[in-house]
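What follows is a set of notes on a single structure, which appears directly below.
Numbering (the working numbering), first residue to last: 2 to 268.
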């Protein structure tokens with residue numbers, strides 16, 4: 002296991018069996034994200050993206066009470082009240098979410114307990130969301146008077162559709178894990194005791210597949226939900242061509258003919 006050294010102990014990151022793990026580590030506040038935690042996220046993402054040993058990334062909350070319960074509101078008076086402070090804070094949150102969203106490797110959110118506000122925003126950046134049956138989801142912006150930018154609302158709408166997105170925002174109420182599953186907000190709901198083993202098995206299954214193929218598939222799907230004028234289809238074509246020209250494609254064919262598991266190297 003390989004640990005990353007970070008500037009804050011409220012975020013943890015390590016690599017294990019081809020999987021990069023990101024942990025929001027403020028369990029005494031239900032993993033509410035503080036300013037220094039927002040700043041650490043792009044650093045972690047960059048490290049995992051440049052590490053060829055990392056093929057999949059999982060983000061989780063410390064303890065068993067929460068994935069992330071939102072932003073750390075205790076900081077708002079100091080860091081999110083004056084105009085300049087608000088802009089600085091928003092830049093940090095935007096950079097963190099953008100870094101997660103831009104990660105070319107698969108990203109899984111392992112959700113236990115509260116997944117509220119900014120926590121749900123973080124979960125939405127993931128490609129897959131696996132929740133324990135004690136999961137609680139909400140965006141309480143309408144109860145706090147907060148505004149939500151177009152990009153964040155569009156990302157949620159892309160996942161659950163416009164009607165459910167409106168219900169989430171308009172009511173500001175909490176939804177349980179089964180409701181979230183019906184909405185398409187999570188891919189799977191499992192008993193709490195089975196959450197980590199389920200996510201580990203899923204992540205390691207993906208990590209065993211051809212990295213170039215997985216990256217190309219993620220990129221193509223992400224381009225498909227963009228507005229047509231924003232799509233970069235030539236980039237997708239290039240990624241597909243790289244798959245066919247890769248050593249992994251040769252290995253995949255050989256392994257199939259030899260009736261053995263393939264050993265992919267990402268080249």
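Even glycine gets a Cβ: it sits at the ideal position worked out from N, Cα and C.
- Checking the DSSP bridge columns, you'll see residue 151 has no partner listed.
- Cβ-Cβ distances below 6 angstroms link residue 5 to 14, 48 in the same chain, with the five nearest sequence neighbours on each side left out; the list follows chain order.
- Here residue 258 is exposed. Its C-beta has fewer than 16 other C-beta atoms within 10 Å.
- Contact check between the segment 240-252 and the segment 203-214: three or more CB pairs, one atom from each, fall below 8 angstroms, which counts as touching.
- No Cβ-Cβ contact shorter than 7 angstroms links residue 159 with residue 69.
- Closest by C-alpha distance to residue 74, out of 129, 35, 163, 255, is 35.
- Counting along the chain, the unbroken alpha helix (DSSP H) around residue 125 starts and ends at 119-125.
- DSSP, read as helix, strand or coil, puts residue 17 in strand.
- Residue state for residue 58 is assigned as strand, using DSSP reduced to three classes.
- Residue 191 and residue 113 have their alpha carbons spaced roughly 10 angstroms apart.
- Contact between the segment 84-104 and the segment 130-142 is absent: fewer than three C-beta pairs spanning the two stretches fall below 8 angstroms.
- Per DSSP, residue 194 is not a residue of any beta strand (DSSP E), being assigned neither H nor E.
- Nearest C-alpha to residue 167 among 196, 149, 33: 149.
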